[in-house]
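Following: one structure in structure tokens, then a few remarks.
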Amino acid sequence: MRITEMHITPIALGDPPLLNAAGLHAPYCLRTVVELRTSDGLSGLAEVPGSVAVDQALAAVREVVIGADPRNWHALRARLAERCAPETSVARGDKPWDGRTRVQVYSALDVACLDLQGKAYGVRVADLLGGVVRERVPYSAYLFYKYEGAGGELGFGTDPRATGWAAARQRAALDPDGIVAQAEAMVAEFGFQSIKLKGGCFEPAQEVAAIHALRRRFGPGVPLRLDPNALWTVETSIRWGRDMEGVLEYLEDPCRTQAGMAEVRRMLKTPLATNMCTTSFDDLPGSVRLGSEDIILTDHHFWGGLRASMELAAHCRTFARGVSMHSNNHAGISLAAMTHLGAAMPNLSYALDTHYPWQWEEIIVGGRIRFEEGAVVLPAGPGLGVELDRSALARAHAAYLRAGLTERNDEIEMQKKVPGWKFAATRW
Ligand code: GKR
Ligand code: MG
């Protein structure tokens, strides 16, 4: 079997004005869909966070990919390394999301090749990752402070006909009551059994008050997490971490650097998780030496693919760390890939993050993937078990061309609401 075609399609999906440490989400989030086709007529899919830089990095390896055997990942990866070595964590940047592009090339090709292999052998991607340990993969509700509006072509007005979660997706949520109302709507619609709040947007006191309000509303049976995306100092992290002791399942990236996290970890009983301080294999020795976190949040888009995330899970087992998953905005191909990974990871210890409920469009046949009691049932396969809806893909690509965005830039979006607003790597 040989790869004969590689298609790179940038798309834009509507996204509400969600706040985070770096500013505000634009009306559209960008993704890139990669499709590999083979000599025997198979199609393998992958989805990665989109930007012109990622698309260019993918296009730059096309001649290495064409002609490769998708069943031999080691051979393809070695050839990719000659052409485009993956960045180390130094290139990640200090924004909440990972700024690297070449790591995403590895991720896209790893996932698309696994999809092809699964289709060729008639098995699921999770089977290829070592076998299915759970058929239902639990996800967490992911709450955001937000301005009014739903983004994309739904615009920024409130649609009075919207009910339930659709209405909550449009309503502003800027205070603890708004966050509790958002959680109620999201939990009612999707059945999530744990809740994460995206922090780093307001004074710690306000975000911690929202966590206590969630605890009062949902009780100790619903695990809670807060993620200030490293905007707090070590002192602030200890001060507010103590205030939430016994309330949080984990505190995610309260501050910057492994050394900072290790200091906070020594002073708190609450476990710490990260997708900002330990973000690639070159970070692992420091993580172990310093003891910077209890839980590493993998993300196959940034760790180099599903197989690399399984390697990370083995590392976490060896060093008695928990493992779970980070997310950025995404569509169904990524959700399917995350679900296969979650289904195959023996030591998955927490419900996975997902931004999926914030979107409403889809590019796969059958439309939106459903959550049952907060979990996604492993797609039946073969491969990832999802197929491209080519007209939906064409619509999302047309939206990309209309939107005119070349990369994610939350600072510029925030300045449209708050003139002069500037990102600060540490704020409180
Ligand atoms: O979507 O605004 C967002 C998040 O802040 C995202 O960019 C982060 O990468 O979800 C992420 C996280 O857990 O840090
Ligand atoms: Mg995070």
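Throughout the sequence shown, residue numbering follows the working numbering, covering 1297 to 1724 in sequence.
From the three backbone atoms N, C-alpha and C, an ideal C-beta is built for every residue, glycine too.
None of the values given here were measured: they were computed from a predicted structure.
beta-carbon residue i near the ligand NAP non-hydrogen atom, thresh 6 Å
i: D1390; result: With respect to small molecules bound, the structure shown includes the ligand GKR and the ligand MG and not the ligand NAP.
Cβ-heavy atom distance, residue i to the ligand MG, below 6 Å
i: E1480; result: no
i: N1571; result: yes
i: E1343; result: no
i: E1545; result: no
i: D1578; result: no
i: E1378; result: no
i: V1589; result: Here residue 1589 turns out to be Glu, not Val, going by the sequence shown. Incorrect: E1589 has no Cβ contact closer than 6 Å to the ligand MG.
i: E1503; result: no
i: D1549; result: yes
Spatial distance of residue i from residue j (CA atoms)
i: T1614; j: I1491; result: 28 Å
i: E1709; j: Y1417; result: 46 Å
i: L1684; j: A1317; result: 34 Å
i: D1394; j: A1422; result: 25 Å
i: M1563; j: T1300; result: 55 Å
i: V1714; j: G1346; result: 26 Å
i: F1719; j: A1647; result: 30 Å
i: W1717; j: G1389; result: 19 Å
i: S1620; j: I1591; result: 7 Å
i: L1568; j: R1521; result: 10 Å
i: E1669; j: L1338; result: 34 Å
i: E1383; j: R1375; result: 16 Å
i: G1600; j: P1550; result: 25 Å
i: V1661; j: G1448; result: 21 Å
i: Q1413; j: A1639; result: 18 Å
i: V1543; j: P1472; result: 16 Å
i: M1302; j: R1333; result: 7 Å
i: R1513; j: P1366; result: 50 Å
i: L1410; j: L1644; result: 20 Å
i: I1362; j: L1608; result: 29 Å
i: H1611; j: D1649; result: 20 Å
i: I1629; j: D1539; result: 39 Å
i: V1584; j: Q1554; result: 10 Å
i: F1452; j: W1656; result: Its pLDDT being 49, under 50, F1452 is placed unreliably in this model, and the coordinates cannot settle the point.
i: E1541; j: I1507; result: 11 Å
i: L1372; j: A1322; result: 35 Å
i: L1314; j: V1360; result: 38 Å
i: D1311; j: C1573; result: 27 Å
Assumed close pair residue i, residue j - CB separation to whole angstroms, cut-off 8 Å
i: V1348; j: Q1400; result: With 8 Å as the limit, V1348 and Q1400 do not qualify as a contact, their Cβ atoms being about 13 Å apart.
i: V1330; j: I1307; result: Not confirmed; about 11 Å, so no contact.
i: G1495; j: P1524; result: 4 Å
i: G1445; j: Q1466; result: 6 Å
i: M1482; j: A1464; result: 7 Å
i: W1369; j: D1406; result: 6 Å
i: H1636; j: L1602; result: 7 Å
Sheet register partners of residue i (DSSP bridge)
i: F1440; result: K1494
i: L1569; result: According to the sequence provided, residue 1569 is Ala. The question's Leu does not apply to it. In DSSP, A1569 forms a bridge with E1548, I1591.
i: C1325; result: L1309
i: I1660; result: L1684
i: A1342; result: V1330
i: E1668; result: A1671
i: I1299; result: T1334
i: A1469; result: K1442
i: M1621; result: T1594
i: I1304; result: V1330
i: P1434; result: A1671
i: N1316; result: G1319
i: G1389; result: Looking at the DSSP assignment, G1389 forms no beta bridge with any residue, so it has no partner.
Residue i vs residue j beta-carbon contact at 7 Å
i: T1566; j: L1547; result: yes
i: A1558; j: S1588; result: yes
i: P1500; j: T1532; result: yes
i: L1527; j: R1723; result: yes
i: A1469; j: I1475; result: yes
i: R1327; j: A1627; result: yes
i: T1397; j: A1353; result: yes
i: R1432; j: V1673; result: yes
i: I1665; j: A1688; result: no
i: K1415; j: G1679; result: yes
i: A1404; j: V1344; result: yes
i: W1536; j: V1504; result: yes
i: A1479; j: L1510; result: yes
i: G1340; j: E1707; result: no
i: P1675; j: A1632; result: yes
Distance cut-off 6 Å: residue i Cβ against heavy atoms of the ligand GKR
i: D1523; result: yes
i: H1622; result: yes
i: W1393; result: yes
i: N1643; result: no
i: A1368; result: In the sequence under discussion, the amino acid at residue 1368 is Asn, which differs from the Ala named in the question. Because no heavy atom of the ligand GKR lies under 6 Å away, the Cβ of N1368 does not count as near it: no.
i: N1705; result: no
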